[in-house]
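Here's the structure, in structure tokens; my notes come after.
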Amino acid sequence: METQVIDQMGRGLRDLRISVTDRCNFRCTYCMPKEVFGAGYRYLNRTELLSFEEIERLVRIFAGYGVRKIRFTGGEPLVRRDLEQLIRMVLSVPGIEDVSLTSNASLITQERAASLYEAGIRRINVSLDAMDDQTFMAINDVGASVQSVLDGIAAAQSAGIAGVKVNAVIKQGVNEHAILPLVEQFRGSGVILRFIEFMDVGNHNGWDKSSVISSREILKTISEQHPLEPVDANYHGEVAQRWQYIDGAGEIGVISSITQPFCGGCHRARLSAIGQLFTCLFASEGTDLRAWLRDGSTDDQIDQRLRQLWQRRDDRYSEIRFTEPMANRQKVEMSYIGG
Ligand code: SAM
Ligand code: SF4
Ligand code: SF4
Numbered sequence: 007m008e009t010q011v012i013d014q015m016g017r018g019l020r021d022l023r024i025s026v027t028d029r030c031n032f033r034c035t036y037c038m039p040k041e042v043f044g045a046g047y048r049y050l051n052r053t054e055l056l057s058f059e060e061i062e063r064l065v066r067i068f069a070g071y072g073v074r075k076i077r078f079t080g081g082e083p084l085v086r087r088d089l090e091q092l093i094r095m096v097l098s099v100p101g102i103e104d105v106s107l108t109s110n111a112s113l114i115t116q117e118r119a120a121s122l123y124e125a126g127i128r129r130i131n132v133s134l135d136a137m138d139d140q141t142f143m144a145i146n147d148v149g150a151s152v153q154s155v156l157d158g159i160a161a162a163q164s165a166g167i168a169g170v171k172v173n174a175v176i177k178q179g180v181n182e183h184a185i186l187p188l189v190e191q192f193r194g195s196g197v198i199l200r201f202i203e204f205m206d207v208g209n210h211n212g213w214d215k216s217s218v219i220s221s222r223e224i225l226k227t228i229s230e231q232h233p234l235e236p237v238d239a240n241y242h243g244e245v246a247q248r249w250q251y252i253d254g255a256g257e258i259g260v261i262s263s264i265t266q267p268f269c270g271g272c273h274r275a276r277l278s279a280i281g282q283l284f285t286c287l288f289a290s291e292g293t294d295l296r297a298w299l300r301d302g303s304t305d306d307q308i309d310q311r312l313r314q315l316w317q318r319r320d321d322r323y324s325e326i327r328f329t330e331p332m333a334n335r336q337k338v339e340m341s342y343i344g345g
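The sequence shown stops at residue 345 when you use my numbering, and every number in between is there.
Below, the structure is given as structure tokens:
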């Protein structure tokens, strides 16, 4: 039976993002810099990760609050073995209508795309921050080419995965020159391109305010070449602001976590690969759901504790990030909870 749960700011719990691994085949400098995530880094081992059965059990409980959408992320979700099996298990949970992925797409071969489609994937968000190899390789830091990502996107589309979006994080001094090439690549292609303001997630990405290129600047750059007009949100709480080319070449989005925070519509919880639940992307601490799953707690007990947790939630970090007590506190790493 579904009963909604509401937090301190009147926000329900509608979508759940699940990180299925802390590993990745890229070392994006703003996410898993090699100095930290190098040879000596200790990744989680298999027994530390939530098992598929544990993830399915939690999804069943979350579905009871009205959660309909699940997104798998990482690290890189495609490096988790047998991901397709997990996708099928989660899609079979009553109430779950949509399972999608956030991926760097470099591992999506034709065969992989077909098996993802068969498992039920219809939507993938692909991260791609530049159209030239020099910039892209400097960002991913493992020599992955732009073509490897474009091939992954093409494979997904030809397998029938129609909902492909491309997300680009723009960072001052790194890839602002990539805005227009990305626009030219995806304009008119049916792929929705979205620009994300560089965020102060985690503790290792060297973020400061001056490294942010605002959505306003990005939209100005684009509209000087290709005039844009705003489009209404698809639903309340949609994170991206939508715009369309007035010549009919499709839609783009901007996600303005820094300059125009959207905490009031944040209905999202995030589950890390070891089963810690975070009620905000910028939280310092999560709640250890894995302990509950492994200590003999019943579904009802877990449900009660989760309800209390959400009811106490008052997170709105993006709205208060520039206030004193927020500065310099430890935050969970992006590769742990997956964006
Ligand atoms: N590996 C997958 C990928 O890259 O799509 C999924 C995980 S990755 C952590 C999810 C998203 O977070 C990517 O689109 C990445 O660009 C974004 N991201 C990582 N660090 C970020 C930051 N500091 N600010 C904004 N976005 C960030
Ligand atoms: Fe890997 Fe994605 Fe992080 Fe890049 S952004 S290092 S692809 S998890
Ligand atoms: Fe949600 Fe936290 Fe982001 Fe605000 S800062 S939108 S509460 S995740």
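The beta-carbon is built from N, C-alpha and C at its ideal position, and this holds for glycine as well.
- Residue selection by CB proximity (closer than 6 Å to any heavy atom of ligand 2) returns CYS30, PHE32, ARG33, CYS34, CYS37, MET38, GLY80, GLY81, GLU82, ASN110, SER133 and SER341 in chain order.
- Placement of the Cβ of ARG274 at a distance of less than 8 Å from at least one heavy atom of ligand 3 is found.
- Taking the Cα positions, THR79 is about 5 Å away from SER25.
- For PHE192, the enclosing alpha helix (DSSP H) begins and ends at 185–192.
- Judged by DSSP secondary structure, VAL260 falls within the beta strand (DSSP E) whose first and last residues are 257–261.
- Assigned with DSSP and collapsed to three states, GLN336 falls in coil, not helix or strand.
- For ASN181 against ILE145, the beta-carbon gap comes to about 7 Å, under 8 Å, which counts as contact.
- Between the alpha carbons of ILE343 and ASP294 lies a distance of about 13 Å.
- Taking 8 Å as the cut-off, one finds no heavy atom of ligand 3 near enough to the beta carbon of LEU19.
- The alpha-carbon of ASP138 is positioned some 22 Å away from that of GLU82.
- Counting along the chain, LEU315 sits inside the alpha helix (DSSP H) bounded by residues 305–318.
- Distance from the CA atom of HIS273 to the CA atom of ARG335, rounded to whole angstroms, is 24 Å.
- Placement of the Cβ of SER221 at a distance of 8 Å or more from every heavy atom of ligand 3 is found.
- Contact annotation: ARG86 and ARG23 have beta-carbon atoms that are not nearer than 9 Å.
- Under the three-state reduction of DSSP output, VAL65 falls in the helix class.
- Within the same chain, and ignoring the five residues on either side of LEU315 in sequence, the residues whose Cβ sits closer than 8 Å to its Cβ are LEU283, THR285 and THR293.
- Spanning the alpha carbons of SER341 and SER324 requires a straight line of approximately 19 Å.
- Sorting GLY72, LYS40, THR27 and LEU19 by C-alpha distance to the C-alpha of HIS210 places LYS40 at the top.
- Taking the Cβ of PHE204 as the reference point, at least one heavy atom of ligand 1 falls within a distance shorter than 8 Å.
- Remark: three or more beta-carbon pairs, one from each stretch, lie closer than 8 Å, so the stretch 180–200 and the stretch 248–262 are flagged as touching.
- For ALA119, the enclosing alpha helix (DSSP H) starts and ends at 116–125.
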